[in-house]
Each structure stands twice: as C-alpha cells, then as structure tokens.
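So for the sequence shown, our numbering puts the first residue at 2; every next one is plus one.
Even for Gly, the Cβ is constructed at its ideal location relative to N, Cα and C.
Because the structure is a prediction, the values reported are computed rather than measured.
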Amino acid sequence: MKKSHAIVLLCSCGASSALAYQSASNKRPAFSRRQLLQRTASATSASTVLFPALMTQLIAPQTALARGGFDEEIASLRITSDGYHLALKDRDSFVASLAAEDSASLTLAPQVSAVTFQKLSKIAHAVDGKIEADDFPYLAVEYAELAGAARDYFKLAKLGRVGENGGPEVALGYARDCAEKMEEASVVLDTLREAVE
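As structure tokens, this is what we get:
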C-alpha cells in the first residue's frame, strides 16, 4: 500500500488503526505524546552539537530540489503552526478572550487537511531524535485528533455561556481545554513541519 493511501485510510479510521498496525507489525514501538515531547526536547539540545552549518550546506540543496511543487502545502503547515504559536504566546490572555462574552471575533488557526499531509508524505524525511520518515502518516493522524479536539473545545467555549447550564465557569473550562489541546497539536505540528522543511 502506498504511503499516500495509508494517510487517507488512517485519517478515516483514527489513531486506533495506527496503533493496531504498529502493534501487529512489531516493527517499531507505538509512540505516545509524552515520548514525542521528550524526544523533541532532547533532539533540540543535541542538535546544537552536530555542526549545524556543515549539515545545512550538505542537506539544503537536496531538500530544496525534493520539495519542489509542494510549496503551497508547506506554506499551509507554516501558517497553522505560526497561528498556534501566536495564539499561545500569551496563553492566559487567549483563554480569557475565548471565555469572554464578546469572543465572536476570535478565530482559530485553520486545521491542516489530510490531503495536505498525504501530498507531503512523499517528501517527508526523518527528524533526528523525533520521528522516522515512515512515521509521518501516523504523526499526521495524531495531529488531526488533537487539532480536531482543540477546534471542538473552541466552539464549546464560545457556546459555554449559552443555555440553562451555561455560564462563565463553563466557558472558561472549555477555553482552558482548547488551549491545552492547541499546545499539544502545536508540538506535533512543529515536528511534522520539520520533517518537510
């Protein structure tokens, strides 16, 4: 099965399919969000030791050639990733604004589509200490779940003041949940972005 077909299949079936595949194949262990966060932190500190200038000179021309034709998809990842970072730069302010009565003008960064990840899987490469190139589709599914949850909590926070059981505390709870899922989605999306840049 091609990698591009695997992404569509996994996005429709959810992360349980990815975990079932991983446990059935026993080729590599299933990864958790905590492990990904730990790998991200350790890889960042290790990357400063590995002659970054030399590595950039060797890899940059090949990467630029390989990703030709995918600029629009990569730009989509960048826009969403930057949108998450901007919203979460002052998390408390974001949560308060989302839970406020006049939150109608507040918007969430657009979710990157499965089709975009399907196209980008063709040029995905390993990110030292974080993921292998073959893990790109599975990590895309993880991102889709987290971003979807953030979007749901975003909508619930806006509706949290409405109705018989609504109120400021309800809206604030949903706004906090939204920010938490956005942070998790942001970490995963940053890794996916690294894998195609």
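Could you tell me which of the options sits nearest to residue i, measuring between CA atoms?
| i | options | result |
| --- | --- | --- |
| Ala110 | Arg92, Leu193, Leu87 and Asp129 | Leu87 |
| Ala115 | Glu165, Ser77 and Glu184 | Ser77 |
| Phe95 | Leu193, Leu173 and Gly70 | Leu173 |
| Tyr85 | Val197, Ala134 and Ala151 | Ala151 |
| Ile124 | Asp191, Asp83, Glu184 and Gly70 | Gly70 |
| Lys90 | Thr192, Glu198 and Glu181 | Glu181 |
| Val142 | Val113, His126 and Ala158 | Val113 |
| Thr117 | Phe137, Ser104 and Thr108 | Phe137 |
| Gly149 | Glu184, Asn166 and Asp135 | Glu184 |
To the nearest angstrom, report how far apart residue i and residue j are at their CA atoms.
| i | j | result |
| --- | --- | --- |
| Leu122 | Ala186 | Looking at the sequence itself, residue 122 is Ser, so the reference to Leu does not match. Roughly 18 Å separates the two Cα atoms. |
| Glu73 | Tyr154 | 28 Å |
| Ile80 | Lys156 | 21 Å |
| Tyr139 | Glu102 | 38 Å |
| Gly168 | Asp93 | 19 Å |
| Tyr144 | Leu190 | 6 Å |
| Ala196 | Asp178 | 28 Å |
| Leu193 | Leu147 | 14 Å |
| Glu170 | Leu99 | 12 Å |
| Gln23 | Tyr175 | Low confidence applies here, because Gln23 scores a pLDDT of 43, under 50, leaving its location unreliable; read the following figure in that light. The straight-line gap from Cα to Cα measures roughly 33 Å. |
| Lys120 | Ser106 | 32 Å |
| Ser104 | Val188 | 25 Å |
| Ile75 | Thr108 | 21 Å |
| Ala134 | Glu198 | 13 Å |
| Leu83 | His126 | The sequence shown places Asp at residue 83, rather than the Leu named in the question. The straight-line gap from Cα to Cα measures roughly 21 Å. |
| Asn166 | Ala97 | 20 Å |
What is the residue span of the alpha helix (DSSP H) that residue i lies within?
| i | result |
| --- | --- |
| Gly174 | Pro169 to Val197 |
Write down every uninterrupted run of the beta strand (DSSP E) in the region 66 to 154 whose length is 3 residues or greater and which is fully enclosed by it, in chain order. If one requires a minimum length of 3 residues, no beta strand (DSSP E) run lies completely within the region 66 to 154.
Taking one C-beta from the region 153 to 171 and one from the region 119 to 133 each time, how about it: are there three or more such pairs within less than 8 Å? The region 153 to 171, when compared against the region 119 to 133, does not touch it at the 8 Å Cβ threshold.
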